[in-house]
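With this note's numbering applied, the sequence shown covers 64 to 440.
Glycine included, every Cβ here is placed at the ideal spot set by N, Cα and C.
Okay, structure first, notes after.
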Amino acid sequence: MDRQAALARVRSAERIVIKIGSSLLLDPDGRGLDEAMLQRLAGQIMFLREESRQILLVSSGAVALGRTRLHALAKTKDSADGASLRTRQALSTIGQPLLMQRYAELFREKGIPVAQLLITARDFRNRRSYLNIGHTIESLIRSGALPIINENDAVSTAELQFGENDILSAACAALFRAGLLIILTSVEGFLDGAQLIPFLSQITAKERRLARGPEGPGSGGMAAKIRAGELCLASGSALAILPGREKNIIADFLAGKEKGTLIAGPGGGKLSARKRWILYSMAHGTIDVDAGAARALAERGSSLLAAGIRQVDGTFFPGDVVGIRGPEGEVGRGIVNYSSREVQELAGRKSEEHAGLFVRGTEIIHRDNLVLSRGGQ
Ligand code: GLU
């Protein structure tokens, strides 16, 4: 599949999630919000809504905006990135209401009420709250409001954090069943040196390595965006990484102009609602498997059996979501039928020889409850 064919499908997306990052939202001096950028963003959202598309906005900016207001905290330099998790949490509580206030004013002029949803990874782990977030978004969309989502930084803990809104936005795209996620960034797109990569239908070790490249201002934090791309490929949405400062960039992209990077798979086989949840639900632990088991899962559509399991990390119980890791990294995740202690006990054993131990069936994770991290389900 090429960009043209992928774009033809993406263009018809009724539901679009747009993510905008702090580097675009704050003015270049970092003194406050960039009003021109906000106007451009609002204009593009209005354009898409007028085309009868349903839009969800994921907006960063709370921490950065808080930093402009609370100088005492902003100067606390207690970790490599200049602000520890606690400082960032405190700054987000200052910046978030200011951010929402500005969005509310901006869209009030256009007759659109905005709604704030602050989400943590813990909310996504719990299936009931996950479904509730989905219901709330559906009601808001039906009523014509614009839902604006951010991570609830103030209550997130280090282990249970999306951390990057790029990942949160991919999770929201899956929950919202959006055909397209647009990440607006401060760079041209995904670059190989100075060369823009216009289209990717899969993400391999090469792209992952390239995305990890020299981070820092101007790189656009590409590693998280490419990870978001992988998640989108796995769940059946497309991702466009677009240069957010360009006027009418979204309309131009949808009209077929060669802008930004489009990441889209062959489509079709979209994941079921439950599998989308498994993909984004933070894992309670990890099961390490050998190369043979990793291949059987990725290539042959098998369930996870005990024989290929080497090791167990973390504490989990039947019904929890756990990650599956092969020698070359994460293979997938799924709902486990046994507790971490039981899996430890069963690891490496063949079910034919130890039938009595497999009280809940021979599958440690059944195929129906298993999602591959890199797509190709
Ligand atoms: N939630 C953070 C904020 O609003 C941003 C995280 C991110 O940009 O990835 O400031």
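Separation of residue j from residue i, as counted between CA atoms
{"i": "residue 101", "j": "residue 94", "result": "15 Å"}
{"i": "residue 299", "j": "residue 292", "result": "10 Å"}
{"i": "residue 82", "j": "residue 191", "result": "25 Å"}
{"i": "residue 426", "j": "residue 220", "result": "33 Å"}
{"i": "residue 162", "j": "residue 155", "result": "10 Å"}
{"i": "residue 265", "j": "residue 437", "result": "8 Å"}
{"i": "residue 106", "j": "residue 432", "result": "42 Å"}
{"i": "residue 78", "j": "residue 319", "result": "18 Å"}
{"i": "residue 323", "j": "residue 177", "result": "28 Å"}
{"i": "residue 296", "j": "residue 262", "result": "13 Å"}
{"i": "residue 175", "j": "residue 208", "result": "6 Å"}
{"i": "residue 104", "j": "residue 89", "result": "13 Å"}
{"i": "residue 97", "j": "residue 329", "result": "37 Å"}
{"i": "residue 223", "j": "residue 232", "result": "16 Å"}
{"i": "residue 114", "j": "residue 248", "result": "23 Å"}
{"i": "residue 281", "j": "residue 73", "result": "Because residue 281 carries a pLDDT of 45, less than 50, the predicted location of this residue cannot be relied on, and no value is offered for it."}
{"i": "residue 67", "j": "residue 243", "result": "15 Å"}
{"i": "residue 157", "j": "residue 166", "result": "15 Å"}
{"i": "residue 122", "j": "residue 84", "result": "6 Å"}
{"i": "residue 258", "j": "residue 321", "result": "13 Å"}
{"i": "residue 306", "j": "residue 363", "result": "39 Å"}
{"i": "residue 434", "j": "residue 134", "result": "45 Å"}
{"i": "residue 422", "j": "residue 116", "result": "49 Å"}
{"i": "residue 65", "j": "residue 365", "result": "30 Å"}
{"i": "residue 316", "j": "residue 304", "result": "10 Å"}
{"i": "residue 347", "j": "residue 337", "result": "17 Å"}
{"i": "residue 185", "j": "residue 213", "result": "14 Å"}
{"i": "residue 160", "j": "residue 168", "result": "12 Å"}
Boundaries of the beta strand (DSSP E) in which residue i is found, first to last residue
{"i": "residue 321", "result": "No beta strand (DSSP E) contains residue 321, which DSSP labels as neither H nor E."}
{"i": "residue 87", "result": "Unbroken run through residue 87 is the alpha helix (DSSP H), 85-88; no beta strand (DSSP E)."}
{"i": "residue 122", "result": "117-122"}
{"i": "residue 179", "result": "177-182"}
{"i": "residue 352", "result": "348-352"}
{"i": "residue 433", "result": "433-435"}
Unbroken alpha helix (DSSP H) run spanning residue i, endpoints
{"i": "residue 199", "result": "190-205"}
{"i": "residue 234", "result": "228-238"}
{"i": "residue 131", "result": "125-132"}
{"i": "residue 154", "result": "148-171"}
{"i": "residue 214", "result": "Not the alpha helix (DSSP H): residue 214 falls in the beta strand (DSSP E), residues 209-214."}
{"i": "residue 422", "result": "It is not in any alpha helix (DSSP H) - residue 422 carries neither H nor E in the DSSP assignment."}
{"i": "residue 336", "result": "336-343"}
{"i": "residue 70", "result": "66-74"}
{"i": "residue 443", "result": "Residue 443 lies beyond the residue range present for the chain, which begins at 64 and ends at 440; the question has no answer from this structure."}
{"i": "residue 286", "result": "285-298"}
{"i": "residue 302", "result": "It is not in any alpha helix (DSSP H) - residue 302 instead sits in the beta strand (DSSP E) that spans 301-306."}
{"i": "residue 409", "result": "403-409"}
Residue-level contact to chain D via CB, residue i, 8 Å cutoff
{"i": "residue 428", "result": "Among the chains in the structure shown there is no chain D, since it carries only a single protein chain."}
Checklist entry - Where the beta carbon is closer than 6 Å to any heavy atom of ligand 1, which residues qualify, in chain order? => result 84, 85, 123, 124, 125, 126, 127, 155, 213, 214, 216, 227 and 228
Item to check | Complete runs of the beta strand (DSSP E) confined to the stretch 368-398 [at least 3 residues] | outcome: 372-377, 384-389 and 392-398
Next on the checklist: With three or more beta-carbon pairs closer than 8 Å as the criterion, would you say the stretch 341-353 touches the stretch 387-394?
Outcome noted: These segments touch.
Checklist entry - Are at least three pairs of beta-carbons, each pair with one atom in the stretch 294-310 and one in the stretch 227-246, less than 8 Å apart? => result yes
Next on the checklist: Count Cβ pairs between the stretch 222-231 and the stretch 193-207 that sit closer than 8 Å; are there 3 or more?
Outcome noted: no
Checklist entry - Are the stretch 362-376 and the stretch 399-414 touching, with three or more C-beta to C-beta distances below 8 Å? => result The answer is yes - the stretch 399-414 touches the stretch 362-376, with three or more Cβ pairs under 8 Å.
Item to check | Those runs of the alpha helix (DSSP H) which lie wholly inside the stretch 237-277 and span at least 4 residues | outcome: 268-275
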